[in-house]
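Please read the structure below before turning to the comments.
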Amino acid sequence: GYEQFEGVLVNDGPISMNTPGAAGALCSTVPDLLSWTTALRSGRVVTAESYEQMTTSARLNDGSSTVYGFGLGVRTLGEHIRISHTGGINGFSTVMAHYPGADLDIVILSNTASRTPADMEQTIAAWALGVTSADMN
Numbered sequence: 226g227y228e229q230f231e232g233v234l235v236n237d238g239p240i241s242m243n244t245p246g247a248a249g250a251l252c253s254t255v256p257d258l259l260s261w262t263t264a265l266r267s268g269r270v271v272t273a274e275s276y277e278q279m280t281t282s283a284r285l286n287d288g289s290s291t292v293y294g295f296g297l298g299v300r301t302l303g304e305h306i307r308i309s310h311t312g313g314i315n316g317f318s319t320v321m322a323h324y325p326g327a328d329l330d331i332v333i334l335s336n337t338a339s340r341t342p343a344d345m346e347q348t349i350a351a352w353a354l355g356v357t358s359a360d361m362n
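Sequential numbering of the sequence shown, starting at 226, is according to our numbering.
Next up, the structure:
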C-alpha cells in the first residue's frame with residue numbers, strides 16, 4: 226500500500242494486524258466482492274429479514290434517522306437508494322456499493338489510502354444512473 230508524501234507515492238507505514246482486529250486483514254478481488262454482495266442480498270449469507278435490518282436506517286433515541294443500518298451504509302444518490310460499505314487501512318482504500326432499484330453494483334479497490342475510491346464510485350454511479358450534479362444530495 227502507498228500514501229502520498231509531498232506529492233510523491235511512497236510505501237505507507239506498516240501496521241500490526243492486532244490493531245484493527247476483525248476490521249482488517251481481509252484480502253479480496255473485485256470479482257470476489259461482487260460475488261459477496263450478490264450472496265449477501267440473495268439470502269445465502271443472512272436471512273432476508275436480517276438483510277432488511279442491515280439495509281434499513283437505524284433510528285436514534287431522539288427519533289432521528291442515521292445513514293447506517295446493521296452493518297451497511299444506507300444513503301441516496303439523487304433518487305436512487307445506495308447500500309454500501311467502505312474500508313481503509315494504511316495504504317489501502319475500498320468501496321462496495323449496490324443500487325437496488327437499478328441492479329447496479331460498483332466495487333473499487335485501491336492500494337493508496339485516499340478517499341478517491343468513494344469519489345470514483347459516486348462519479349461512476351452518477352454517470353450510470355443519469356444523475357446530474359443538480360440531482361445529487
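Here a beta-carbon is modelled for each residue, glycine too, at the ideal position from N, C-alpha and C.
Nothing here was measured: the structure is a model prediction, and the numbers come from that model.
Bridge-paired residues (DSSP) for Tyr293: Stepping through the sequence shown from its first residue, residue 293 is reached at position 68. According to DSSP, Tyr293 bridges with Gly298.
query: Near Ala353, what residues of its chain come up, given a Cβ to Cβ distance below 7 Å and the 5 sequence neighbours on each side ignored?
result: Your numbering for residue 353 matches position 128 in the sequence shown. Only Leu329 meet the Cβ criterion.
message: Using 8 Å as the cut-off, can you tell me whether the region 274-293 makes contact with the region 227-234, which would need three or more C-beta pairs spanning the two stretches below that distance?
response: no
field: Spatial distance of Glu346 from Arg284 (CA atoms)
entry: Reading the sequence shown from its first residue, position 121 is the one you call residue 346. Reading the sequence shown from its first residue, position 59 is the one you call residue 284. Going from the Cα of Glu346 to the Cα of Arg284 covers about 27 Å.
Start and end residues, beta strand (DSSP E) containing Ile333: Stepping through the sequence shown from its first residue, residue 333 is reached at position 108. Start and end: 329-335.
task: Give the straight-line distance between the Cα atoms of Gly326 and Thr254, rounded to the nearest whole angstrom.
output: By 1-based counting over the sequence shown, the position of residue 326 is 101. By 1-based counting over the sequence shown, the position of residue 254 is 29. Roughly 25 Å separates the two Cα atoms.
Environment of Pro422 [buried if 16+ CB atoms lie within 10 Å]: Coverage of the chain is limited to positions 226 through 362, which leaves residue 422 absent and any answer about it impossible.
field: Distance between beta carbons of Thr337 and Gly316, contact taken as under 8 Å
entry: On the sequence shown, residue 316 is found 91 positions in, with the first residue counted as 1. On the sequence shown, residue 337 is found 112 positions in, with the first residue counted as 1. Confirmed, about 7 Å.
message: Taking 7 Å as the limit between beta carbons, can you name the residues of its chain near Gly296, skipping five residues before and five after?
response: To locate residue 296, count along the sequence shown from 1; it is residue 71. So the qualifying residues of the chain are Met279.
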